[in-house]
C-alpha cells in the first residue's frame with residue numbers, strides 16, 4: 001500500500017488535513033480492516049461514518065458516508081489514510097485464502113448458503129455475479145427510496161453511500177450483461193433525481209453520483225450495439241427524466257442525452 005503522509009496531505013486542503021491528523025490522534029478510528037487492496041474503517045465524528053479506501057496500482061479511490069462536499073478527501077478519510085501510512089494493516093485475505101484451501105466443498109457451500117440467507121445485500125451481489133436473473137428498475141428504485149427514508153431527518157444532510165449498487169452494476173458488466181447493469185444505473189439516477197428535493201446537504205456528492213450512473217448507463221447502452229429502434233427507447237429514458245417536474249437536474253440529463261446521441265452516431 002503505497003501511501004505516505006505527504007501523499008495524504010496533497011489529497012486534501014490544509015484545514016481538512018489538520019482535522020484529519022487530530023481525528024487520528026484522538027483515536028476516532030473505531031475499526032480498520034484490510035482485505036487485499038481494500039481497506040474499510042469506521043470513524044467517529046458527529047456520528048459513525050464508514051470509510052472505504054481501495055488501492056489500485058498508483059491510484060487511491062476513497063469513499064466516506066459523511067456529508068463533506070468540499071475539495072479533496074474529508075477528515076475521516078485523511079485520518080484513515082494517515083493510519084495506513086503509519087502502520088499498514090494486516091492483510092486478512094491471506095489468512096482467508098489459507099483457510100479456504102483446507103475447507104471441504106460441502107462445508108464451504110453450507111457457509112455460503114448461511115451467509116446469503118442472513119445478508120440480503122450479499123445475496124444480491126452473489127446473484128448479480130453468478131445468477132441469470134436481475135431485479136427490475138422499480139425494485140432497485142424501491143431499495144434506494146428506503147435509503148432516503150432512513151437518512152431523512154427531516155431532510156437528507158448526509159452523503160448516502162450508493163456504492164453497493166455500482167458494485168452490482170460492475171459485476172453485471174464483468175459478465176457482459178450490459179442491460180442488467182444499465183437497469184441498476186437507471187434506478188440510481190432516476191430515484192436520486194426523484195428525491196432531490198429531500199437533499200439539504202452534500203449536493204456535490206449527489207450530482208457526482210447521478211453523473212456516474214449516467215456515464216455507466218450510456219456505456220452499457222452502447223455496448224449492446226442497439227438498433228435505431230432500441231436506441232430510441234434507451235435514449236427516451238434520459239429525455240423523460242430531463243422533462244420530469246420539478247426540473248432540478250434537467251441540464252445534466254440533457255447533456256447526458258446529447259453525449260449519448262453523439263457517441264451512437266460517431
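In the UniProt record's numbering, the protein residues as written are 1 to 266.
Even glycine gets a Cβ: it sits at the ideal position worked out from N, Cα and C.
Which listed residue (the options) has its alpha carbon closest to that of residue i
i, options, result
"residue 56", "2, 81, 9, 26", "2"
"residue 143", "116, 195, 117", "195"
"residue 39", "28, 178, 53", "53"
"residue 208", "70, 95, 178, 96", "70"
"residue 232", "260, 149, 205, 109", "260"
"residue 131", "137, 214, 177", "177"
"residue 247", "226, 197, 258", "197"
Residue i: first and last residue of the uninterrupted beta strand (DSSP E) it sits in
i, result
"residue 152", "First-last for residue 152: undefined, no H or E at that position."
"residue 33", "29-35"
"residue 42", "38-44"
"residue 59", "59-64"
Cβ shell of residue i (< 7 Å), same chain only, five flanking positions each side left out
i, result
"residue 111", "none"
"residue 31", "41, 42"
"residue 169", "181, 184, 185, 216"
"residue 83", "24, 29, 32"
Supposed contact pair residue j and residue i - C-beta distance, whole angstroms, cut 8 Å
i, j, result
"residue 159", "residue 13", "The pair is not a contact, with the Cβ atoms about 17 Å apart (cut-off 8 Å)."
"residue 43", "residue 63", "Between residue 63 and residue 43 the Cβ distance is about 12 Å, and since that is not below 8 Å, they are no contact."
"residue 78", "residue 8", "6 Å"
"residue 89", "residue 34", "4 Å"
"residue 256", "residue 238", "6 Å"
Beta bridge counterpart(s) of residue i as assigned by DSSP
i, result
"residue 91", "34"
"residue 233", "Per DSSP, none; premise fails for residue 233."
"residue 12", "72"
"residue 49", "43"
"residue 56", "59"
Extent of the continuous alpha helix (DSSP H) run through residue i
i, result
"residue 185", "178-194"
Beta-carbon proximity list for residue i, same chain, < 6 Å, skipping 5 on both sides
i, result
"residue 251", "none"
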